[in-house]
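Residue 1 is where the sequence shown starts when you use my numbering, and the numbers rise one by one after that.
Ideal Cβ positions, reconstructed from N, Cα and C, are used throughout, including at glycine.
These numbers come from a predicted model, not from an experiment.
Remarks on the structure that follows.
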Amino acid sequence: MKKRLLRRRIYTIMTINIFLAIILTFYSCYYNRNENDIKNNDKINGNEVISGNEAEQPLPTLSIISNGIHKEEQPYEKEEQLPEKILAEELTESEELALYSGLPYFKEEYIDKYIDYKKQNPDLSYEKAITYVNIGLNYDFYESISNIGNGHDITVLVNKYNKLPDDFVPELVQIDSSMCAQGRGEQHLQKPALEAFSKMYDDGKQLGLDIRAYGTYRSIPTQHWIWNNAVDSGRTIEDVDGLNARGGHSEHHTGLAVDVVINDYDVEQTEEWLWYRENAHKYGFIIRYPKGKEHITGYKYEPWHLRYLGIEIASDIYERDITYEEYFVQVLQPPIQ
1 MKKRLLRRRI YTIMTINIFL AIILTFYSCY YNRNENDIKN NDKINGNEVI
51 SGNEAEQPLP TLSIISNGIH KEEQPYEKEE QLPEKILAEE LTESEELALY
101 SGLPYFKEEY IDKYIDYKKQ NPDLSYEKAI TYVNIGLNYD FYESISNIGN
151 GHDITVLVNK YNKLPDDFVP ELVQIDSSMC AQGRGEQHLQ KPALEAFSKM
201 YDDGKQLGLD IRAYGTYRSI PTQHWIWNNA VDSGRTIEDV DGLNARGGHS
251 EHHTGLAVDV VINDYDVEQT EEWLWYRENA HKYGFIIRYP KGKEHITGYK
301 YEPWHLRYLG IEIASDIYER DITYEEYFVQ VLQPPIQ
């Protein structure tokens, strides 16, 4: 029923626009014919208009008589957008939302959610509201959780709304100790991520940079212990959740994430940071939790946390300057549906 209603409203809007276009076309033809008649009469009367100098006549304005009052208006070309503006003002919430139904990530079953979320966040565009609802941001973090079916996929999205199974373990390869920070013990990544990190490490080394792995794969039981220990230390749950994932919700479980420094914002003062900030995507990595996106990712800014996605996807995210959550629901998820 909602689908038919949306389509009917879209067809109605399209019909109105076509009707307006016909009127505009008719008026344009009529206007041009009158203008040509005026020019021809001027030539006949010896009053030919001179182009390219101060004697050129200005474009005629539209004369409108409203309630007996004669008004001079600007040329109609400047008012062509007026009907659309009027229509937009008259659209209901459902009709306005219907204009976005062509987006590949628009979900008709979420229509009511889109409308409610837009009401709660009136400053958001409908496009952002649709994206945020698809991510799950209409719920609090950890409030509505989906279980991940294929955690071995390189594009897997692990966050506060998507949880890996408790028994999930990826196929891992140990990183050579020369590429790891001293005192951190053995480090592991999935093979594609390791190969990319090795190349980035080698290329950085040739430039005099030292980009080492401080933290990589972390098991789900270990993550449970880290989170519980942080809460037991006296920190608030809100504070802990801002920096530490709960068990099953950490990207480190995938073997596709690597911290190149441990929770130290001084990394931004280093030559290494200045380089990998602009080049990590060329190796298939993104800065997973960027600055100013905490409301989307659920985590404080982490310039040290890199996530492997492959060169094509990482480069696309870098160019778009968006989070992986946004990219996932806008680009990767629609074909799956």
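Counterpart residues of residue i in DSSP-defined beta bridges
i: Val-240; result: Paired residues: none, contrary to the question.
i: Asn-159; result: Asn-162
i: Phe-285; result: Tyr-308
i: Asn-147; result: Lys-163
i: Glu-302; result: Tyr-289
Terminal residues of the beta strand (DSSP E) in which residue i lies
i: Ala-257; result: 257-259
Extent of the continuous alpha helix (DSSP H) to which residue i belongs
i: Tyr-324; result: 324-327
i: Arg-235; result: Unbroken run through Arg-235: none, as it is neither H nor E.
i: Lys-113; result: 111-120
i: Ser-94; result: 93-98
i: Leu-274; result: 271-279
i: Tyr-132; result: 126-135
i: His-249; result: Counting along the chain, His-249 falls outside any alpha helix (DSSP H), and DSSP gives it neither H nor E.
i: Ile-262; result: It is not in any alpha helix (DSSP H) - Ile-262 carries neither H nor E in the DSSP assignment.
i: His-295; result: 294-297
Status (buried if at least 16 other CB within 10 Å, exposed otherwise) for residue i
i: Lys-218; result: For clarity, residue 218 is Arg in the given sequence; the question names Lys instead. Classification for Arg-218: buried.
i: Val-329; result: buried
i: Pro-303; result: buried
i: Lys-163; result: buried
i: Asp-241; result: buried
i: Glu-326; result: buried
i: Gln-206; result: exposed
i: Tyr-324; result: buried
i: Pro-104; result: exposed
i: Arg-307; result: buried
i: Arg-320; result: exposed
i: Gln-223; result: buried
i: Pro-221; result: exposed
i: Val-49; result: Low local confidence applies: a pLDDT of 38 at Val-49 is under 50, so the model's placement there is unreliable, and no value is given.
i: Glu-109; result: exposed
i: Pro-122; result: exposed
i: Thr-236; result: exposed
i: Gln-81; result: Confidence at Gln-81 is low in this model, with a pLDDT of 45, below 50, so its placement is unreliable and the value that follows should be read with caution. By the neighbour-count rule (16 or more Cβ atoms within 10 Å), Gln-81 is not buried but exposed.
i: Asn-229; result: exposed
i: Ile-322; result: buried
i: Ser-250; result: buried
i: Leu-274; result: exposed
i: Pro-165; result: exposed
i: Gln-187; result: buried
i: Tyr-289; result: buried
i: Gln-269; result: exposed
i: Thr-216; result: buried
i: Trp-227; result: buried
i: Glu-127; result: exposed
i: Lys-118; result: buried
Beta-carbon separation (whole angstroms), residue i vs residue j, contact threshold 8 Å
i: Pro-170; j: Thr-254; result: 6 Å
i: Tyr-132; j: Ile-145; result: Contact flag wrong, Cβ pair sits at about 17 Å.
i: Arg-212; j: Val-260; result: 7 Å
i: Leu-137; j: Ile-296; result: 7 Å
i: Tyr-114; j: Ile-130; result: 6 Å
i: Ile-313; j: Tyr-283; result: Between Tyr-283 and Ile-313 the Cβ distance is about 12 Å, and since that is not below 8 Å, they are no contact.
Cutoff 8 Å: residue i Cβ touching any chain B Cβ
i: Lys-160; result: Considering every chain present, this structure includes no chain B. It has just one protein chain.
Distance cut-off 7 Å: residue i Cβ against heavy atoms of the ligand MG
i: Ala-257; result: With respect to small molecules bound, the structure shown includes none, and the ligand MG cannot be examined in it.
Minimum length 4: unbroken alpha helix (DSSP H) runs contained in the region 170-230
For the region 170-230, the continuous alpha helix (DSSP H) assignments of 4+ residues that do not extend past its boundaries occur at 191-206, in sequence order.
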